[in-house]
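With the numbering used here applied, the sequence shown has no gaps in its numbers, which climb one by one up to 169 at the end.
Where a beta carbon is used, it is the ideal one built from N, C-alpha and C, also for glycine.
Please read these numbers as outputs of a predicted model, since none were measured by experiment.
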Amino acid sequence: MFQEALVADLDRAMLVARVRKEAEQSLPTLTKAELAELLFEQVGLNKREAKDMVETFFDEIRNALERGEAVKLSGFGNFQLRDKPQRPGRNPKTGEEIPITARRVVTFHASQKLKAMVEEAGPGNSGSGSMARAA
């Protein structure tokens with residue numbers, strides 16, 4: 035029985051890894067380093083200033099959320115905190131009921147403007163905006 039559970043866990047882990055790999059290959063990702071490079075190229079900051087600006091921007095968002103504040107970025111979206119109460123859960127292997135502890139999570143809600151821009155770009159259209167990256 036232990037070996038069957040181990041094989042099932044390995045199969046599940048391999049499936050998750052394959053799905054993640056496929057998602058990474060099909061969806062390009064914009065990194066903080068690439069944001070800094072865009073600031074360097076488009077705004078004219080030197081590379082150190084651009085990197086520091088990106089780090090500071092995300093530090094300020096993180097700090098506001100740690101203080102319990104919502105973050106509203108006009109035309110982009112809102113980061114909000116949500117307190118989730120304790121709730122019952124189940125161990126999928128045994129069916130045993132286990133409590134899922136209360137926790138605080140960060141949620142992001144895209145603005146209508148951002149949603150419209152993403153919808154307008156459509157599937158497969160990567161980079162018609164002003165911040166488009168060279169492939």
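Item, Value
"Exposed unless 16 or more other CB atoms sit within 10 angstroms - verdict on LEU61", "exposed"
"3-residue-minimum beta strand (DSSP E) runs that sit fully inside the region 109 to 162, ordered along the chain", "111 to 118, 121 to 124, 131 to 134, 137 to 144"
"Span of the alpha helix (DSSP H) around VAL88", "81 to 100"
"Per DSSP, cross-strand counterpart(s) of VAL105", "PHE113"
"Residues near SER162 by beta carbon distance below 8 angstroms, same chain, minus five either side", "Residue placement at SER162 is poorly supported in this model, since its pLDDT is 46, which falls under 50; the coordinates still yield a value, given next. These residues qualify, in order along the chain: ALA155."
"Beta-carbon contacts of LEU99 that lie in its chain and below 7 angstroms, excluding the five residues immediately before and after", "VAL105, PHE113, LEU115, VAL140"
"Chain-order list of residues whose beta-carbon lies under 6 angstroms from that of PHE74 (same chain, five-residue window excluded)", "LYS81, ALA84"
"Contact belief for GLY109 with LYS147 at Cβ below 8 angstroms, rounded distance in angstroms", "5 angstroms"
"Reduced DSSP category for VAL77 - H, G, I as helix; E, B as strand; rest coil", "coil"
"Simplified DSSP state of LEU49, which is helix, strand or coil", "helix"
"Coarse secondary structure for LEU64, derived from DSSP in three states", "coil"
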